[in-house]
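Number of protein chains: 2
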Amino acid sequence: MRARDLVIGFPTVTLDTPALEAARLLADRDLPGLIVVDERDQPFTILPGTQVLRLAVPRYCQDDPALARVVDEAHADLFLRGLGDRTVRECLPEQPRELPIAEGRATVLEMAALMARTRSPLLAVVDNDVLVGAVTLHVLLDHALVS
Amino acid sequence: MRARDLVIGFPTVTLDTPALEAARLLADRDLPGLIVVDERDQPFTILPGTQVLRLAVPRYCQDDPALARVVDEAHADLFLRGLGDRTVRECLPEQPRELPIAEGRATVLEMAALMARTRSPLLAVVDNDVLVGAVTLHVLLDHALVS
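Going down the list, the sequences are from chains A and B. If you use my numbering, the first sequence corresponds to residues 1 to 147, in order. If you use my numbering, the second sequence corresponds to residues 1 to 147, in order.
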């Protein structure tokens with residue numbers, strides 16, 4: 001079994017998608033992350049869900065748990081407003097050394113090794129330079145557990 | 001809203017749970033990770049799904065994508081057998097500086113900051129030293145998006 005056999009359709013966002021829209025997409029569809037594509041519809045990177053939160057949390061609360069504690073409950077509930085009109089571009093962490101992007105011919109083992117190395121439960125799959133979808137940790141495990 | 005209001009029941013494993021059983025639990029219930037408890041049922045750490053894969057992938061394939069590629073497709077499909085009778089204890093990555101464990105009184109903002117810092121889409125929630133369940137990224141976003 002190869003990546004192209006296990007691939008599922010998966011929503012993409014661009015660098016200019018509003019971060020709040022990305023948060024809605026993650027929540028509505030219970031996704032582990034989003035595929036970020038460039039202007040040629042090629043996968044640029046994977047945006048992990050937790051990194052959308054990072055942008056919404058004021059910087060002074062990110063590093064010091066004690067400071068997050070002093071914000072009262074009512075205001076804390078509204079923290080996603082901190083996203084304002086910022087975009088996916090601003091959510092992205094530093095570009096990692098290796099991206100969770102697999103070729104269509106990648107085997108189950110290659111995909112497992114790539115997920116483990118990049119710690120990403122989501123791989124974008126590219127076949128002949130075209131983004132064809134994603135393979136998630138759950139799809140990979142479902143397949144591997146019946147093999 | 002506080003952690004204790006958003007908490008959901010969540011399966012736990014111990015350090016001695018077989019890694020293959022952990023993989024089944026992740027797959028069957030579509031979980032982003034598992035709460036690992038110690039012998040006193042206290043949360044010890046969070047096991048991210050991708051780290052179960054790490055243990056199943058032969059070490060020589062983990063670091064070098066070219067070596068994963070030479071394993072033929074039929075054998076690659078069976079990579080989970082590499083887990084053998086190993087346990088969750090052996091899956092755990094180096095203990096991180098900060099664990100994704102929140103107190104019941106943590107606000108939504110505190111939980112968001114903790115998920116962003118630890119990059120964990122899953123927090124174990126402890127109230128009066130008792131594990132009461134978990135808050136996931138999706139539960140947190142669902143709440144924050146309607147506030």
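For glycine and all other residues, C-beta sits at the position ideal for the given N, C-alpha and C.
Determine the extent of the alpha helix (DSSP H) in which residue i is found, giving its start and end residues.
| i | result |
| --- | --- |
| residue 139(A) | 137-146 |
| residue 118(A) | 108-118 |
| residue 88(A) | 88-91 |
| residue 58(B) | Premise fails: residue 58(B) is in no alpha helix (DSSP H) and is neither H nor E. |
| residue 25(B) | 19-28 |
| residue 67(A) | 65-69 |
| residue 5(A) | 3-6 |
What do you reckon, are the CB atoms on residue i and residue j nearer than 8 Å?
| i | j | result |
| --- | --- | --- |
| residue 135(B) | residue 111(B) | yes |
| residue 54(B) | residue 116(A) | yes |
| residue 15(B) | residue 108(B) | no |
| residue 33(B) | residue 122(B) | yes |
| residue 27(A) | residue 145(B) | yes |
| residue 149(B) | residue 56(B) | The requested residue 149(B) is not part of the displayed model; chain B covers only 1 to 147. |
Could you compute how far the alpha carbon of residue i sits from the alpha carbon of residue j?
| i | j | result |
| --- | --- | --- |
| residue 120(B) | residue 75(B) | 32 Å |
| residue 147(B) | residue 11(B) | 28 Å |
| residue 23(B) | residue 140(A) | 11 Å |
| residue 98(B) | residue 126(B) | 15 Å |
| residue 79(A) | residue 58(A) | 8 Å |
| residue 5(B) | residue 40(B) | 24 Å |
| residue 118(B) | residue 36(B) | 16 Å |
| residue 72(B) | residue 100(A) | 21 Å |
| residue 124(B) | residue 64(A) | 19 Å |
Residues of chain B with CB under 9 Å from residue i, in chain order?
| i | result |
| --- | --- |
| residue 21(A) | Going along chain B, no residue has its Cβ under 9 Å from residue 21(A), so there is no contact; the nearest lies around 11 Å. |
On a Cα-Cα basis, can you pick out the residue from the options that is closest to residue i?
| i | options | result |
| --- | --- | --- |
| residue 92(A) | 28(A), 115(A), 19(A), 27(A) | 19(A) |
| residue 106(A) | 77(B), 118(B), 128(B) | 77(B) |
| residue 85(A) | 64(A), 17(A), 94(A) | 17(A) |
| residue 142(B) | 62(A), 38(A), 30(A) | 30(A) |
| residue 137(B) | 50(A), 36(A), 94(A), 37(A) | 50(A) |
| residue 95(B) | 38(B), 13(B), 21(B), 44(B) | 44(B) |
| residue 7(B) | 103(B), 90(B), 60(B) | 103(B) |
| residue 48(B) | 13(B), 113(B), 3(B) | 13(B) |
| residue 61(A) | 2(B), 1(B), 114(B) | 114(B) |
| residue 25(A) | 132(A), 52(A), 90(A) | 52(A) |
Anything in chain A within Cβ reach of residue i, meaning under 8 Å, just list it in chain order.
| i | result |
| --- | --- |
| residue 137(B) | 26, 49, 50, 53 |
Along chain B, which residues have their Cβ under 7 Å away from the Cβ of residue i?
| i | result |
| --- | --- |
| residue 119(A) | 48, 50 |
For a contact meaning CB atoms closer than 8 Å, what does residue i contact in chain B?
| i | result |
| --- | --- |
| residue 3(A) | Within 8 Å Cβ-Cβ: nothing; residue 3(A) doesn't reach chain B, min ~11 Å. |
Residue i lies in the beta strand (DSSP E); which residues open and close that run?
| i | result |
| --- | --- |
| residue 77(A) | Segment 73-77 is the alpha helix (DSSP H) holding residue 77(A); no beta strand (DSSP E) there. |
Check each residue of the region 77-90 of chain B: if its Cβ is closer than 8 Å to any Cβ of chain C, include it; give the result in chain order. The structure shown contains no chain C; the protein chains it does contain are A and B.
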